[in-house]
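Okay, so here's the structure we're looking at.
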Amino acid sequence: MSDDIIDLRRRTILSAGALVLGFTMLPRRALAEFNGMGVPPIANKDLAGSLQRTPMLDAWIKIAPDGKVTVFTGKVELGTGVRTALLQVAAEQLDVAPAAVNFITGDTSLTPNEGFTAGSHTMADSGTALLNAAAQVRALVVQGAAAQFKLAPETLKTSNGKVTAPDGRSMHYGEAVRGVDLHRSAQVKSPLKNVKDYTLIGHSLPRVDIPAKLTGGAAYVQDMRPPGMVHARVVRPPAYGAKLLSADTAAVARMPGVLKVHVDGNYLAVIAGGEWQAIQAMRALSASAKWQRGPALPSPDNIHATLRALPSQDIVIDDRHGAGVKPVLTLKRRYTKQYVLHGSIGPSCSVALLEQGAMTVWTHTQGVYPLRGALAEMLSMKMDDVRCIHTESAGCYGQNGADDVAADAALLARVMPDRPVRVQLMRDQENQWEPYAPAMSTQLAASLDASGKICDWQYELWSGSHNERPGNAGKLIPAQLLAKAFIPSPSQPMPMPEGGGDRNAIPLYTLPQAKIINHFLPVTPLRSSAMRSLGAHINIFAIEGMMDELATAAHADPVEFRLRHLDDPRARDVIERAAKQFGWNQRQRRRDHGFGFAFGQYKNIMAYVALAVEIRVERSTGAVHIVRVTAAVDCGQGVNPDGIRNQIEGGILQSSSWTLYEQLHFTPEGITSVDWASYPIMRYSNVPDKIDVILIDRPGAPLLGVAEAAQAPMAGALGNALADATGKRWFDLPLAGPHLKS
Numbered sequence: 132m133s134d135d136i137i138d139l140r141r142r143t144i145l146s147a148g149a150l151v152l153g154f155t156m157l158p159r160r161a162l163a164e165f166n167g168m169g170v171p172p173i174a175n176k177d178l179a180g181s182l183q184r185t186p187m188l189d190a191w192i193k194i195a196p197d198g199k200v201t202v203f204t205g206k207v208e209l210g211t212g213v214r215t216a217l218l219q220v221a222a223e224q225l226d227v228a229p230a231a232v233n234f235i236t237g238d239t240s241l242t243p244n245e246g247f248t249a250g251s252h253t254m255a256d257s258g259t260a261l262l263n264a265a266a267q268v269r270a271l272v273v274q275g276a277a278a279q280f281k282l283a284p285e286t287l288k289t290s291n292g293k294v295t296a297p298d299g300r301s302m303h304y305g306e307a308v309r310g311v312d313l314h315r316s317a318q319v320k321s322p323l324k325n326v327k328d329y330t331l332i333g334h335s336l337p338r339v340d341i342p343a344k345l346t347g348g349a350a351y352v353q354d355m356r357p358p359g360m361v362h363a364r365v366v367r368p369p370a371y372g373a374k375l376l377s378a379d380t381a382a383v384a385r386m387p388g389v390l391k392v393h394v395d396g397n398y399l400a401v402i403a404g405g406e407w408q409a410i411q412a413m414r415a416l417s418a419s420a421k422w423q424r425g426p427a428l429p430s431p432d433n434i435h436a437t438l439r440a441l442p443s444q445d446i447v448i449d450d451r452h453g454a455g456v457k458p459v460l461t462l463k464r465r466y467t468k469q470y471v472l473h474g475s476i477g478p479s480c481s482v483a484l485l486e487q488g489a490m491t492v493w494t495h496t497q498g499v500y501p502l503r504g505a506l507a508e509m510l511s512m513k514m515d516d517v518r519c520i521h522t523e524s525a526g527c528y529g530q531n532g533a534d535d536v537a538a539d540a541a542l543l544a545r546v547m548p549d550r551p552v553r554v555q556l557m558r559d560q561e562n563q564w565e566p567y568a569p570a571m572s573t574q575l576a577a578s579l580d581a582s583g584k585i586c587d588w589q590y591e592l593w594s595g596s597h598n599e600r601p602g603n604a605g606k607l608i609p610a611q612l613l614a615k616a617f618i619p620s621p622s623q624p625m626p627m628p629e630g631g632g633d634r635n636a637i638p639l640y641t642l643p644q645a646k647i648i649n650h651f652l653p654v655t656p657l658r659s660s661a662m663r664s665l666g667a668h669i670n671i672f673a674i675e676g677m678m679d680e681l682a683t684a685a686h687a688d689p690v691e692f693r694l695r696h697l698d699d700p701r702a703r704d705v706i707e708r709a710a711k712q713f714g715w716n717q718r719q720r721r722r723d724h725g726f727g728f729a730f731g732q733y734k735n736i737m738a739y740v741a742l743a744v745e746i747r748v749e750r751s752t753g754a755v756h757i758v759r760v761t762a763a764v765d766c767g768q769g770v771n772p773d774g775i776r777n778q779i780e781g782g783i784l785q786s787s788s789w790t791l792y793e794q795l796h797f798t799p800e801g802i803t804s805v806d807w808a809s810y811p812i813m814r815y816s817n818v819p820d821k822i823d824v825i826l827i828d829r830p831g832a833p834l835l836g837v838a839e840a841a842q843a844p845m846a847g848a849l850g851n852a853l854a855d856a857t858g859k860r861w862f863d864l865p866l867a868g869p870h871l872k873s
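Quick note, the sequence shown lines up with residues 132 to 873 if you use the numbering used here.
Following this line, the structure appears as structure tokens:
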């Protein structure tokens, strides 16, 4: 066999009569997250949240005679609990019982286009829009009832979907809106309920998505079994750029249960009547396939030097020049982060059906509308003939294989019309082909003046794209493998204040003089895209590590040093609350124990989080044990306190895994992290002994996204605690490993 040949042998649709809420919510500041993704243009920038893009109330709310309530949102449930929180917001302002609301998410035939559910924008933008839209609809309902009762609107009350007059007469909302025209633009000001009267917002309503998941019910796209469904499996190339030379398709086609073997360029797949039959056929097809090698990957040992040497677009994101003060000390540091897997526990899955010329795809994508556009292009179909329906799976928290497997399902449904086709990736396929969180390299020089304050800050970062979501068909791996291959659209940096690799690269601290440069890398050797917090993970790790080092140089306590450089009262509040609850000033030195503190406001526009941690390092093994974590959180008006705690706790655990353990392994020949044995994640035995979350609620304040707010501060706190425990600072993620043994 020649050297360049690789042998791989080894929902229910709406019923008649309903109150229908739909909302398209992306305010001006969300543009950076979703630019170029086909969201509607801004129609009225003065409206609240995503009402800016879909201002007509009848696009959001329709009330039918029976008074039933259906809420539509283009946002989707990814395990964060937003389905429940948005339901609370709608039900609160409408005065409707949550159980009476039929809530439909992410369906291109039913819900408005909200782009992606990403960037902690759902509550900040969708929640805000829904809060105002629902309040305005409730007011119109009351006006309609008042006209029929011949009473003044202010004399009427609403409760449980009914309007009641002082004399006891009542009518449900379906009756009340007779003669009311909802085809009108939303108003800039809304008749919101007094926050003191809230009975749902600010209370921990049980999550509506949990029961089926807990009991093993049909909760995920993997659980779908529509009548006549067939199973498919794909064969991915062994590495980037590999070309198919041959495969024994005839032998595979004769295997039991096989309905079709599909080959199109470098794209290989099998369709069978049963799932195990499809897996067996896939394995046989994979074993027979011979490939020409693609280009080699760089050496993992030199990946950061490789990245820094690549052509870059150099973007200055902050450049301030205050009064010149002579520095008495300057520290220079370099930080690195490895490629990281999403590591979704359930491999990505999708079901598709081509019927009467229309394609329907059930998918756990984070953006049904952008995916629909990419699929329509790939299939050469009209946009209106493709429907994407969000169906939950085991989580995306960024872009994993969900969009790719949806493309697989659509391609294979096209060759097997009138039969639902289910495709699920295998673990190695998910790991080898998903878009990873990018490896990054940063460098920071910071100076102190004679008074012990920061007088200069110089920061640079090198990163590939954190946003390769489907904007065109070429972003989908199956489309790239076809004989007539689709080419990905060029990578683009994500502008601030959202940012991509440079997310949270601008410190919230007061800095009289600073320059921050994003060296954006349009082309990098490994496929990459969004992972929760994007570049904030390493940027705040670097910022907060330097803050601790500067505090030591200034002979100051780390918490006091941060407060010395903060003017934002809400930032100061979370820091002071976290430190007090943790007992920061009472911490006692113990052998092999370390304490760390960190702070961040996600994107400098979302939730504030301050964290204090205590760890223990086992010197004989280098193992890191997290003893306790205390977090203080300010996300404005809290909608579901238990849901907020869920997200902060989850972010702490996820970041602990990234920061201490996770690193994609690869060689010049390809990706080697193909299973859980070859990709390290945090185990149950490594979970913190105790996590306390303090919520600083601000009733009536804007809703601030919280789902990605804890990940970056946790990285900073762990780095600082490890330095405190070992007496040595570590700059390269992941932090845990044999190098900690002593």
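Virtual Cβ for every residue (Gly too), placed ideally from N, Cα, C. It should be emphasised that the depicted structure is a prediction, and the values quoted were computed from it without experimental measurement.
Can you give me the start and stop residues for the alpha helix (DSSP H) that residue i sits inside?
i           : result
residue 274 : 259 to 280
residue 675 : 667 to 684
residue 509 : 499 to 510
residue 439 : 434 to 440
residue 558 : 558 to 564
residue 92  : The chain is shown from 132 up to 873; residue 92 falls before or after that span and cannot be answered.
Using DSSP with H/G/I as helix, E/B as strand and the rest coil, what is residue i?
i           : result
residue 592 : strand
residue 861 : coil
residue 707 : helix
residue 767 : strand
residue 806 : coil
residue 302 : strand
residue 549 : coil
residue 618 : coil
residue 317 : coil
residue 295 : strand
residue 742 : strand
residue 234 : strand
residue 853 : helix
residue 571 : strand
residue 555 : strand
residue 362 : strand
residue 456 : coil
residue 286 : helix
Between residue i and residue j, how many whole angstroms is the CB-CB distance? I'm expecting something under 8 Å.
i           : j           : result
residue 729 : residue 848 : 4 Å
residue 199 : residue 217 : About 18 Å separates the two Cβ atoms, so there is no contact after all.
residue 764 : residue 837 : 7 Å
residue 383 : residue 415 : 5 Å
residue 210 : residue 526 : 5 Å
Quick check on residue i: buried or exposed, where buried means 16 or more other Cβ atoms within 10 Å of its Cβ?
i           : result
residue 719 : exposed
residue 876 : Residue 876 lies beyond the range of the chain shown here (132 to 873); nothing can be said about it.
residue 227 : buried
residue 779 : buried
residue 859 : exposed
residue 870 : exposed
residue 155 : Residue placement at residue 155 is flagged as unreliable, the pLDDT there being 31, under the threshold of 50; the coordinate-derived value follows with that caveat. When all chains shown are included, residue 155 counts as buried.
residue 776 : buried
Hey, quick one: how far does the beta strand (DSSP E) through residue i stretch, first residue to last?
i           : result
residue 531 : Neither: residue 531 is in no beta strand (DSSP E) and is coded neither H nor E.
residue 422 : 421 to 423
residue 483 : 480 to 486
residue 377 : 374 to 377
residue 783 : First-last for residue 783: 772 to 791, but that is the alpha helix (DSSP H), not the beta strand (DSSP E).
residue 645 : 644 to 651
Between residue i and chain D, is any beta-carbon pair separated by less than 8 Å?
i           : result
residue 239 : Among the protein chains of the structure shown there is no chain D, as only one such chain exists.
query: Within the chosen definition, does the stretch 651 to 658 reach the stretch 472 to 489 through at least 3 CB pairs nearer than 8 Å?
result: Cβ pair count under 8 Å is below three, so no.
query: Do the stretch 536 to 552 and the stretch 487 to 507 make contact, defined as three or more Cβ pairs closer than 8 Å?
result: Between the stretch 536 to 552 and the stretch 487 to 507, the count of C-beta pairs closer than 8 Å reaches three or more; the two stretches touch.
- request: May I ask you to verify whether the stretch 685 to 700 touches the stretch 810 to 817, counting CB pairs closer than 8 Å and requiring at least 3?
  value: Put simply, the stretch 685 to 700 does not touch the stretch 810 to 817. Fewer than three CB pairs are less than 8 Å apart.
Inter-stretch contact at 8 Å, needing at least 3 Cβ pairs: the stretch 268 to 283 / the stretch 776 to 791: Segment contact: the stretch 268 to 283 against the stretch 776 to 791, fewer than three CB-CB distances shorter than 8 Å; contact not assigned.
message: Does the stretch 563 to 572 come into contact with the stretch 657 to 667, if we say contact requires no fewer than three beta-carbon pairs (one atom in each stretch) closer than 8 Å?
response: Touching, per the Cβ criterion.
query: Are the stretch 610 to 620 and the stretch 392 to 405 touching by the rule of at least three beta carbon pairs closer than 8 Å?
result: Verdict: yes, contact present.
message: Under 8 Å: do the stretch 372 to 386 and the stretch 493 to 502 share three or more Cβ pairs, one atom per stretch?
response: Contact between the stretch 372 to 386 and the stretch 493 to 502 is absent, because fewer than three Cβ pairs lie under 8 Å.
field: Any 3 or more C-beta pairs closer than 8 Å across the stretch 738 to 746 and the stretch 692 to 710
entry: At 8 Å Cβ cutoff, the stretches touch.
message: For the pair the stretch 336 to 343 and the stretch 289 to 309, tell me if three or more CB-CB distances fall below 8 Å.
response: Touching, no.
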